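Read left to right, the sequence shown gives residues 7 to 209 (the numbering used here).
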Amino acid sequence: MAKILKIYPDNPQENLVNEVIKTLNNGGLIIYPSDTIYALGCNIFDIKAMEKLAQMKKLKLEKSKFSIICNDLSHLSDFTRPIDTSVFRFLKSHLPGPFTFILEANKSLPLAYKGHKTIGIRVPDHPIPQLIVEKLGHPIASTSIHDDDEIIEYSTDPELIAEKYDHLVDIVIDSGYGDNVASTIVDLTSGEPEIIRQGKGII
Numbered sequence: 007m008a009k010i011l012k013i014y015p016d017n018p019q020e021n022l023v024n025e026v027i028k029t030l031n032n033g034g035l036i037i038y039p040s041d042t043i044y045a046l047g048c049n050i051f052d053i054k055a056m057e058k059l060a061q062m063k064k065l066k067l068e069k070s071k072f073s074i075i076c077n078d079l080s081h082l083s084d085f086t087r088p089i090d091t092s093v094f095r096f097l098k099s100h101l102p103g104p105f106t107f108i109l110e111a112n113k114s115l116p117l118a119y120k121g122h123k124t125i126g127i128r129v130p131d132h133p134i135p136q137l138i139v140e141k142l143g144h145p146i147a148s149t150s151i152h153d154d155d156e157i158i159e160y161s162t163d164p165e166l167i168a169e170k171y172d173h174l175v176d177i178v179i180d181s182g183y184g185d186n187v188a189s190t191i192v193d194l195t196s197g198e199p200e201i202i203r204q205g206k207g208i209i
């Protein structure tokens, strides 16, 4: 049964954030807010947690393309090939923000990402995921929560989200209503930005 933690951006309680960190370190799955929509997340270094995340999305782990959530750009070199100065400046000018940037992956990816030639990097402009990553000490894997409604594509009400995912995740972070527009996905593998999916972010 999922535990609902009310953590608000303007005053995140440290003890509650620490509970989230403990859950992630123990292989748990969380639902957390971002600058776009609510999302599912787990520890990128916990292969069993990554497999559970893939199962929830009805995917094989090796076929999944979960984004990596960072709190700044300091983790880039851990996951990506060296990038041009111009690309780095472009990233820096748009992050934190509602974008997922596709970059060439290096060979030091966590086990769950082995064999991937590209990786999606997110730095949400939201204090909760930033604080989680900072306290955890490394990024988390993430994927969007889709709604069953044909008109509203993404779930926005944390209480309804908690009800739906009650037996599938360990923690739901209630940070108030979320947005229903996902991030803009931008492919930077060629060095020039190519919009793969237009979302909240404007290039």
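Each residue gets a CB set at the ideal place from its N, CA and C atoms; glycine is no exception.
Note that the coordinates shown come from a computational prediction; the quantities given were computed from them, not determined experimentally.
Worksheet entry | Cβ-Cβ distance between M56 and L174 below 8 Å | no
Worksheet item: Taking the Cβ atom as the reference point for each residue, do L194 and F107 lie within a distance shorter than 8 Å?
Response: For L194 and F107, yes; Cβs fall inside 8 Å.
Fill in: C-alpha distance - I146 paired with L82, whole-angstrom precision
13 Å
Worksheet item: With distances taken from CA atoms, which of I208, T190, Y171 and D52 is nearest T29?
Response: D52
Discussion item. Three Cβ pairs or more, each shorter than 8 Å: is that satisfied between the stretch 94–108 and the stretch 174–194?
Written reply: yes
Discussion item. So, does the stretch 8–27 touch the stretch 176–183, judging by three or more C-beta pairs under 8 Å?
Written reply: Three or more Cβ pairs closer than 8 Å define a contact, and the stretch 8–27 meets that threshold against the stretch 176–183.
Item to complete: Kindly say whether M56, judged by its beta-carbon, lies nearer than 8 Å to any beta-carbon of chain D.
Response: Although the question refers to chain D, the structure presented lacks it and comprises just one protein chain.
Discussion item. Between I151, T149 and H100, which has its C-alpha nearest I208's C-alpha?
Written reply: H100
Worksheet entry | N21, enclosing alpha helix (DSSP H) - first and last residue | E20 to N31
Practice prompt. For S150, I'd like the list of residues in its chain whose CB is within less than 7 Å of its CB, leaving aside the five on either flank, ordered along the chain.
Written response: I43, A45, Y160 and A188
Worksheet item: From E68 to K120, what distance separates their C-alpha atoms?
Response: 8 Å
Worksheet item: At which residue ranges does the stretch 72–112 contain complete alpha helix (DSSP H) runs of 4 or more residues, listed in the order of the chain?
Response: 82–85 and 91–100
Item to complete: Classify S203 as buried or exposed, calling it buried when 16 or more other Cβ atoms lie within 10 Å of its own Cβ.
Response: Sequence inspection shows Arg at residue 203; the Ser mentioned does not correspond to that position. The residue in question, R203, is exposed, as its Cβ has fewer than 16 Cβ neighbours within 10 Å.
Practice prompt. Using the DSSP secondary-structure output, state which residues sit across from I138 in a beta bridge.
Written response: According to DSSP, which records beta bridges pairwise, I138 is partnered with nothing at all.
Worksheet item: To the nearest whole angstrom, what separates the beta carbons of F96 and P15, a pair I think is in contact under 8 Å?
Response: In fact, because the Cβ distance is near 27 Å, the residues do not count as touching under 8 Å.
Discussion item. Once DSSP output is grouped into helix, strand and coil, what is the label at Y38?
Written reply: Reduced to three states, the DSSP call for Y38 is strand.
Discussion item. Using a Cβ-Cβ cutoff of less than 7 Å, which residues in the same chain neighbour I167 once the five nearest sequence positions on both sides are dropped?
Written reply: Once the five neighbours on either side are set aside, the close Cβ partners of I167 are I37, Y44, I151, S161 and V178.
Worksheet item: Among the residues of its own chain, which have a CB less than 7 Å from the CB of P116, if the five just before and after it don't count?
Response: I50 and F51
Worksheet item: Can you name, in chain order, every residue of its own chain whose Cβ lies under 6 Å from the Cβ of K54, other than the five neighbours on each side?
Response: G33
Worksheet entry | Pair within 8 Å by beta-carbon distance, L5 and P18 | Only positions 7 to 209 of the chain appear in this structure, which leaves residue 5 out of reach.
Discussion item. Measuring only the C-alpha atoms, how far is H132 from F72?
Written reply: 19 Å
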